[in-house]
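*Asks:* Here the protein sequences come in this chain order: A and B. Under the working numbering, read the first sequence as residues 1 to 954, first letter to last. Under the working numbering, read the second sequence as residues 1 to 143, first letter to last.
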Amino acid sequence: MGSQGGFYQSKEFLDLVKSIGEARSKAEEDRIVLSEIETLKRRISEPDTPKRKMKEYIIRLVYVEMLGHDASFGYIHAVKMTHDDTLLVKRTGYLAVTLFLNEDHDLIILIVNTIQKDLKSDNYLVVCVALNAVCKLINEETIPAVLPQIVELLAHPKEAVRKKAIMALHRFYQKSPSSVSHLVSNFRKRLCDNDPGVMGATLCPLFDLITNDVNSYKDLVISFVSILKQVAERRLPKAYDYHQMPAPFIQIKLLKILALLGSGDKQASENMYTVVGDIFRKCDSSSNIGNAVLYECICCVSSIYPNPKLLESAADAISRFLKSDSHNLKYMGIDALGRLIKISPEIAEQHQLAVIDCLEDPDDTLKRKTFELLYKMTKSTNVEVIVDRMIDYMISINDNHYKTEIASRCVELAEQFAPSNQWFIQTMNKVFEHAGDLVNIKVAHNLMRLIAEGFGEDDNTADSQLRSSAVESYLYILGEPKLPSVFLQVICWVLGEYGTADGKYSASYITGKLCDVAEAYSNDETVKAYAVTALMKIYAFEIAAGRMVDMLPECHSLMEEFLASHSTDLQQRAYELQAVIGLDAHAVESIMPSDASCEDIEVDKALSFLNGYIQESIEKGAQPYIPESERSGMLNISNFRNQDHHEASSHGLRFEAYELPKQTVQARIPPASLASTELVPVPEPVYPRESYQTTTVPSVSSDAAELKLRLDGVQKKWGRQTHFPSTSTSNSTSQKTVNGITQVDGSNTANSRTRETYDSRKQVEISPEKQKLAASLFGGPSKTEKKSATGHKSSKPSSHMVKSHAPKSSMEVASEKTSPVQQPPDLLDFGEPTVKSTAPSLDPFKDLEGLLEPTTQVSSAVNHSSTAAVTKSPDIMGLYTETPAGAHHKDSDILSGLSNSPMTNMVGGTTTMQVAQSSKSPNLKDSLEKDALVRQMGVTPSSQNPNLFKDLLG
Amino acid sequence: MGIRFILMVNKQGQTRLAQYYEWLTLEERRALEGEIVRKCLARNEQQCSFVEHRNYKIVYRRYASLFFLVGVDNDENELAILEFIHLLVETMDRHFGNVCELDIMFHLEKAHFMLEEMVMNGSIVETSKANILSPIQLMDKAS
């Protein structure tokens with residue numbers, strides 16, 4: 001078939017395609033498409049368009065959408081076309097619909113019915129086409145409409161249908177796992193389908209299932225290994241070969257699955273060693289596909305329980321990748337290295353020069369991959385070099401997405417491995433300066449907390465040094481013209497807390513700087529709010545220290561501005577500042593204790609300190625508080641509201657509540673307590689205390705409102721804190737999400753460790769440029785080993801190591817979890833632990849045998865008719881009779897297989913279907929196939945009765 | 001999920017085939033195609049055939065005037081995807097005989113049908129050329 005189109009393509013279509021093909025610019029292409037849209041709009045709705053013509057219009061619509069223009073005017077015609085009798089037209093209709101519509105489009109409902117009808121078609125190609133559409137168009141709500149039919153199709157005699165039915169179930173699983181949870185056994189069954197295509201497709205859903213729940217599928221390890229072995233031994237039909245590799249895509253999928261199943265499971269992994277080793281040997285490393293399989297082997301080896309021989313093979317393969325001239329292979333090598341160093345950190349060393357070459361390569365992709373590797377191999381000994389490099393790179397790129405990522409990595413590494421406070425603060429400054437507002441706000445909150453808590457818990461001088469150096473560097477940085485908002489928030493907060501702490505800077509100097517910030521960034525409310533609060537802290541510390549406070553003139557004017565600000569938050573803060581300044585030293589000290597940001601807030605939920613006041617009120621004749629549950633209506637609350645917002649009262653009659661003024665006073669207490677409980681994780685320690693101590697009635701109500709306002713600016717900063725004790729002791733899973741928030745204890749160890757090794761690193765820096773870099777990255781050969789060993793040990797509890805081992809450790813946890821679950825029944829039933837793995841597999845395979853034997857019978861009988869298929873069938877037989885054999889004692893007898901199948905009732909309709917089919921004569925089967933072929937040839941029967949054709953052909 | 005989308009784009013950056021395995025609106029598609037095509041076309045022969053873009057990795061391969069771009073998840077085996085592209089081209093070659101850009105343009109639906117057989121739900125399901133092409137040949141015979 002030439003490139004000049006098929007038999008039915010009109011000149012119009014050819015011209016359109018040609019003109020699109022010849023368009024020299026996007027503008028020209030747009031012109032062509034726009035005029036095409038006009039033509040189509042006119043023509044497509046003409047009545048009695050022949051269907052060939054219609055098909056062409058639909059493809060022209062596809063072009064319109066593909067080239068970025070809206071073709072929604074024609075969607076309905078595509079939907080209509082799915083009803084067509086001619087397969088090619090129908091399929092084109094379905095194709096267009098899947099390209100045009102997403103699964104929630106209104107028109108989908110019109111197609112569900114067509115799909116249902118087509119799934120029942122006795123032309124298997126129609127069924128396949130409908131199944132393709134199912135995978136794209138059926139959403140969660142419409143799954144039940146087609147599910148029963150699809151389950152039936154799992155036993156369809158045509159392998160193409162079974163394959164697509166499996167994929168339809170896979171799709172449902174992706175959409176809504178619960179909708180097919182009862183059908184999971186079908187996937188296991190289809191793994192042993194006698195068609196390798198169906199088996200290969202089944203690996204896709206199984207991969208997803210195993211990813212989500214490894215432990216339920218440990219029994220399949222042996223089957224997977226056996227399939228992989230047979231694939232590698234070329235037992236599959238030649239058609240699956242690709243560049244002399246036997247079914248490489250199936251091999252890769254299997255290796256991925258094995259990597260999941262073997263991770264952290266010694267017993268399962270031991271079953272895999274031989275086959276993975278075989279594949280290592282057999283892979284042709286001169287072809288791309290061979291290397292693809294090799295790479296997958298490395299991934300598998302580095303995921304499963306380590307085996308020295310395999311690790312060696314993996315290391316060999318990696319060094320071949322890295323030494324290659326191909327950038328693609330280098331990329332894969334770097335990636336593979338990153339996986340393997342988790343298990344054997346020493347292998348990085350022999351590749352140091354290759355790694356540095358990649359790092360300095362102009363190819364951005366390679367460079368990024370190398371940074372990823374460096375990130376994984378960062379230790380306290382090389383953190384400075386790596387982070388500096390990362391920051392340099394971060395500054396050089398424009399891609400915000402990647403900039404954000406690399407910035408957060410820098411922060412993470414700096415927090416974990418910082419060799420000195422000085423360095424840490426400087427690194428953070430650089431990140432904030434250059435990545436600016438791309439940095440997650442959490443990172444800023446984290447930094448504030450780190451500065452507040454310090455690195456060394458027992459070492460107060462180190463902490464104050466850290467703070468002093470932070471203050472110093474921030475004062476310096478404030479000279480820069482434009483700083484990101486997030487960074488300014490950190491600066492303001494730190495200056496407020498610690499600006500005057502070491503006595504180096506006077507209060508007036510710091511407050512002056514803060515005023516400058518507030519003025520310079522006058523359109524950033526958050527920064528201004530931070531600045532005001534910082535000012536308040538500085539003044540409070542001054543007052544508490546018994547010094548006279550004299551406000552700078554610019555500060556005065558700033559306050560005046562804020563007091564009249566449109567932002568209620570700013571206004572509130574300004575008023576608070578005014579109030580605090582007016583108080584005496586004692587009161588101020590309890591409101592704003594110095595350096596108390598890390599202390600836990602004790603919230604007295606019962607508000608017991610108010611007891612005296614309540615007692616007094618009751619004695620004076622006030623009514624006691626009635627808990628909300630005992631109150632009859634919402635009267636009190638609405639009263640309370642009315643009281644709060646005088647204007648808001650819409651019911652004039654409510655004014656009769658005048659006689660209960662005292663009740664409302666008490667009614668305020670529950671809302672206040674409500675507010676405080678809902679704010680438990682939130683509040684800045686200072687404000688609640690303040691409000692409770694100065695319990696004048698008006699301030700309580702304003703305080704409730706004020707606390708709510710405060711949520712936005714302050715919440716995150718302090719939110720962490722109350723939770724902190726629990727998170728710091730909690731495990732790695734939470735740590736990852738928190739983005740290094742709890743690394744403090746980790747960095748403690750890192751920090752102390754670095755001091756020891758700091759000097760030794762210095763000595764290395766003598767050799768030429770690259771050597772130097774290599775040395776600083778990888779450390780001296782003899783030294784590293786020792787260091788990494790100690791690093792390993794000491795940082796075990798630290799979050800970094802936990803994190804890098806995250807998959808493994810979580811696996812361990814998981815396997816621990818299941819072993820008690822699995823074992824009890826095993827112990828009871830079998831006693832022998834070795835039987836354990838096979839025991840659960842018994843059932844599915846029993847089912848299978850019942851199913852398999854008859855179907856293979858049928859298919860082999862059918863296959864006798866075509867010589868091409870005859871060569872295929874022994875392979876298949878070998879493949880599938882062996883699979884169950886490996887798993888348990890096999891019932892090879894067909895009769896017993898048959899007699900088994902009715903017994904396994906859980907298979908239900910499927911089983912009986914199969915049995916029924918096996919009882920049919922092969923001739924009948926043949927005739928059905930012929931029948932199908934005839935239908936495809938265009939003789940589409942109008943009658944729904946296939947028997948008619950059977951008689952004719954049989 | 002694995003494969004997120006498959007694009008065929010010529011060296012002028014014009015889309016010749018687009019198949020997405022997750023739903024994107026027309027605008028999102030247009031923006032995405034523009035960005036990644038620009039990125040990939042700017043690269044030279046020596047550089048990796050892989051490009052990171054947002055949370056995708058793009059694996060691409062050039063055949064004469066046509067680029068094949070496959071967007072995959074981060075944990076996908078890039079080399080295998082690269083070979084998958086080649087398999088797709090070989091399959092089209094077997095069907096069209098010396099496939100070229102125009103073949104795909106004139107038989108857009110056929111190219112889509114082949115992809116439908118090879119990839120479902122973003123996973124590679126069929127790699128045997130005979131199995132991929134047989135339904136298409138049967139259809140051709142029937143019409």
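C-beta: ideal position from N, C-alpha, C; glycine also. Remember, it's a predicted structure, so these values are computed and weren't measured experimentally.
1) When Cβ atoms are compared, which residues of the region 157-174 of chain A fall closer than 8 Å to chain B?
2) Using CA atoms only, rank isn't needed, just tell me which of Lys90(A), Val411(A) and Ala130(A) is closest to Gln426(A).
3) Starting from Phe50(B), trace the beta strand (DSSP E) in both directions and tell me its first and last residue.
4) Between Thr737(A) and chain B, is there a C-beta pair that is closer than 8 Å?
5) Going by the beta-carbon positions, is the gap between Leu261(A) and Ile298(A) smaller than 8 Å?
6) Going along the region 22-50 of chain B in order, which residues come within less than 7 Å of chain A, judged by CB to CB distance?
7) Looking only at its chain, what residues have a beta carbon closer than 6 Å to the beta carbon of Tyr331(A), apart from the 5 residues adjacent to it on each side?
8) Pull up the distance between the alpha-carbon of Thr727(A) and that of Leu450(A), whole angstroms please.
9) If you drop the 5 nearest sequence neighbours on each side, which residues of the same chain put their C-beta closer than 6 Å to that of Ile343(A)?
10) What does a CB cutoff of less than 7 Å around Cys40(B) pick up in its chain, not counting 5 residues either side in sequence?
11) DSSP state of Tyr56(B), grouped into three classes?
12) Is the region 173-184 of chain A close to the region 90-101 of chain B, with three or more CB pairs under 8 Å?
13) Rounding to the nearest angstrom, what Cα-Cα distance links Glu480(A) and Val490(A) in this structure?
14) Could you tell me which residues DSSP pairs with Met245(A) in its beta bridges?
15) Is Asp550(A) close to chain B, meaning its C-beta is less than 8 Å from at least one C-beta of that chain?
16) Using a Cβ-Cβ cut-off of less than 8 Å, give me the residues of the region 386-401 of chain A that come near chain B, in sequence order.
17) Around the Cβ of His351(A), are there at least 16 other Cβ atoms within 10 angstroms (buried) or fewer (exposed)?
18) Three or more beta-carbon pairs under 8 Å between the region 106-118 of chain A and the region 150-158 of chain A, yes or no?
19) Under a CB-based cut-off of 8 Å, is Cys128(A) close to chain B?
20) Starting from the beta carbon of Arg62(B), find every residue of chain A whose beta carbon is closer than 7 Å, and list them in chain order.
21) Between Met114(B) and chain A, is there a C-beta pair that is closer than 8 Å?
22) Could you name the residues that DSSP lists as bridge partners for Ile124(B)?
23) Closer than 7 Å, Cβ to any Cβ of chain B: which residues of the region 315-345 of chain A, in chain order?
24) Measure the C-alpha to C-alpha separation of Ile143(A) and Ser216(A) and round it to an integer number of angstroms.
25) Let me check one thing: in DSSP terms, what residues is Met54(A) bridge-paired to?
26) Count the other CB atoms within 10 Å of the CB of His566(A); is the residue buried (16 or more) or exposed (fewer)?
27) Counting along the chain, where does the alpha helix (DSSP H) carrying Leu69(B) start and finish?
28) Please go through the same chain and pick out, in chain order, the residues whose beta-carbon is closer than 8 Å to the beta-carbon of Gly277(A), but skip the five residues on each side of it.
29) Figure out for me which residue from Ala435(A), Ser522(A), Met592(A) and Ala529(A) has the closest Cα to the Cα of Tyr539(A).
30) Looking at the C-beta of Cys204(A), does it have a partner C-beta in chain B at a distance below 8 Å?
31) Which residue marks the beginning of the beta strand (DSSP E) containing Gln19(B), and which one marks its end?
32) Would a C-beta distance cut-off of 8 Å place His170(A) and Asn121(B) closer than the cut-off?
33) Which residues, in order along the region 83-105 of chain A, keep a beta-carbon less than 8 Å from a beta-carbon of chain B?
34) Do you know whose CA, among Tyr21(B), Gly71(B) and His112(B), lies nearest Ile136(B)'s CA?
35) Give a yes or no on whether the C-beta atoms belonging to Arg4(B) and His401(A) are separated by under 8 Å.
36) Once DSSP output is grouped into helix, strand and coil, what is the label at Met332(A)?
*Replies:* Well, looking at it:
1) Ala160, Lys163, Lys164, Met167, His170, Arg171 and Gln174
2) Val411(A)
3) Phe50 to His53
4) Low confidence applies to Thr737(A): its pLDDT is 39, below 50, so where it sits in the model is not reliable enough to give any reading.
5) no
6) Trp23, Leu26, Arg30, Gln46, Gln47, Cys48, Ser49 and Phe50
7) Leu366 and Lys369
8) Low confidence applies here, because Thr727(A) scores a pLDDT of 38, under 50, leaving its location unreliable; read the following figure in that light. The straight-line gap from Cα to Cα measures roughly 15 Å.
9) Ser302 and Pro306
10) Val51, Ile58, Tyr60, Phe67 and Leu69
11) strand
12) no
13) 15 Å
14) Tyr242(A)
15) no
16) His401
17) buried
18) no
19) yes
20) By Cβ distance, chain A contributes nothing, its closest Cβ being about 13 Å from Arg62(B), past 7 Å.
21) no
22) Val119(B)
23) His327, Asn328, Tyr331 and Met332
24) 25 Å
25) DSSP lists no partner for Met54(A).
26) exposed
27) Where Leu69(B) is concerned, there is no enclosing alpha helix (DSSP H), although the beta strand (DSSP E) it sits in stretches over Leu66 to Val72.
28) Lys309, Leu310 and Ser313
29) Met592(A)
30) yes
31) Thr15 to Tyr20
32) yes
33) Thr86, Leu87, Leu88, Arg91, Thr92, Leu95, Leu99, Asn102 and Glu103
34) His112(B)
35) no
36) helix
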